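Chemist:
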Amino acid sequence: MNVPYGLPVYHLQIGECALSTTPLVISTVLGSCVGITFFHPASLCGAMFHALLPKSSPFVASRDNVSPCKFVDTAIETLFSRLAKRGIDPEELVIKLFGGAETMFQNGGGSLVNVASQNVITAETILAEKGLKIRARDVGGGLGRQIFFYTHTGEVWLHRLKRHKAG
Numbered sequence: 130m131n132v133p134y135g136l137p138v139y140h141l142q143i144g145e146c147a148l149s150t151t152p153l154v155i156s157t158v159l160g161s162c163v164g165i166t167f168f169h170p171a172s173l174c175g176a177m178f179h180a181l182l183p184k185s186s187p188f189v190a191s192r193d194n195v196s197p198c199k200f201v202d203t204a205i206e207t208l209f210s211r212l213a214k215r216g217i218d219p220e221e222l223v224i225k226l227f228g229g230a231e232t233m234f235q236n237g238g239g240s241l242v243n244v245a246s247q248n249v250i251t252a253e254t255i256l257a258e259k260g261l262k263i264r265a266r267d268v269g270g271g272l273g274r275q276i277f278f279y280t281h282t283g284e285v286w287l288h289r290l291k292r293h294k295a296g
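Using the working numbering, you'd call the opening residue of the sequence shown number 130 and step up by one each time.
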């Protein structure tokens, strides 16, 4: 995709969070992972994360070595904290949810676990508990998505991939 106006592009990797107060395009590819965009219209500030797993609690012991943005629960809290430091109230955010392509993984016990749906459910639950509305969503299905988030407008361009991509 050609980015208009020569805007800089940041390629968000799995387990990363990004926040920008200047015009920027954040790009990422989501498979079973979940990405949420946060846009504050009054300040033109945008933020996004790319989380691999729903909850950090099973990984508490090793948490010091792991990015909080690797998990949906701690990624949301991390970005809310960063936005709060800028005086942004979460209720003023335009929130959009993407990813969660249906991919089955085998856990250590041999049973199949749908990480994708758990990622989506965790995101929806946490945001609902905070009384926040998801304004747009494109989740589930069997195909990955490439996302382009314009941090200064809140626009998101989505491209469906021809086959599933990890992440």
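We put the beta carbon where it would ideally sit given N, CA and C, even for glycine.
Owing to the predicted nature of the structure, the values given are computational and were not obtained by experimental measurement.
Going by the CB atoms, is the gap between Arg274 and Leu290 shorter than 8 Å?
Modeler: Numbered from 1 along the sequence shown, position 161 holds the residue referred to as residue 290. Numbered from 1 along the sequence shown, position 145 holds the residue referred to as residue 274. Cβ distance < 8 Å, so Leu290 and Arg274 count as in contact.
Chemist: Measure the Cβ-Cβ separation of Gly176 and Ala147 and say whether it is below 8 Å.
Modeler: Position 47 of the sequence shown holds residue 176. Position 18 of the sequence shown holds residue 147. Sequence inspection shows Ala at residue 176; the Gly mentioned does not correspond to that position. Yes, Cβ-Cβ distance for Ala176 and Ala147 is below 8 Å.
Chemist: What span of residues does the alpha helix (DSSP H) with Val244 cover, start to end?
Modeler: Indexing the sequence shown from 1 puts residue 244 at position 115. Looking at the DSSP string, the run of the alpha helix (DSSP H) that includes Val244 is 244 to 258.
Chemist: For Asp218 and Thr203, what's the separation of their Cα atoms in angstroms?
Modeler: Position 89 of the sequence shown, counted from the start, is the residue given in the question as residue 218. Position 74 of the sequence shown, counted from the start, is the residue given in the question as residue 203. Distance between the alpha carbons of Asp218 and Thr203 is about 18 Å.
Chemist: I want to know whether the segment 280 to 288 touches the segment 197 to 214 - three or more CB-CB distances under 8 Å.
Modeler: No: fewer than three Cβ pairs fall under 8 Å.
Chemist: Are Leu159 and Ile276 close, meaning C-beta to C-beta below 8 Å?
Modeler: Position 30 of the sequence shown, counting from 1, holds the residue named residue 159. Position 147 of the sequence shown, counting from 1, holds the residue named residue 276. Result yes, Cβ atoms of Leu159 and Ile276 sit closer than 8 Å.
Chemist: Given a cut-off of 8 Å on the beta-carbon distance, is the pair Asn248 and Gly228 in contact?
Modeler: As a position in the sequence shown, residue 248 is number 119, starting the count at 1. As a position in the sequence shown, residue 228 is number 99, starting the count at 1. In this structure, Gly228 lies closer than 8 Å to Asn248 by Cβ.
Chemist: Nearest CA to the CA of His179: which residue from Phe168, Cys162, Phe167, Ser185?
Modeler: Position 50 of the sequence shown, counted from the start, is the residue given in the question as residue 179. Here the closest residue by C-alpha is Cys162.
Chemist: Hey, how far is the Cα of Ser240 from the Cα of Ser186?
Modeler: By 1-based counting over the sequence shown, the position of residue 240 is 111. By 1-based counting over the sequence shown, the position of residue 186 is 57. Note that Ser240 scores a pLDDT of 44, beneath 50, so its modelled location is shaky; the value from the coordinates is reported in the next line. Near 20 Å, if we compare the C-alpha coordinates of Ser186 and Ser240.
Chemist: What are the start and end residues of the alpha helix (DSSP H) that includes Phe209?
Modeler: Your numbering for residue 209 matches position 80 in the sequence shown. That run of the alpha helix (DSSP H) goes 201 to 213.
Chemist: Is it the case that the Cβ atoms of Lys225 and Ala265 are separated by a distance below 8 Å?
Modeler: Reading the sequence shown from its first residue, position 96 is the one you call residue 225. Reading the sequence shown from its first residue, position 136 is the one you call residue 265. Contact flag set, yes.
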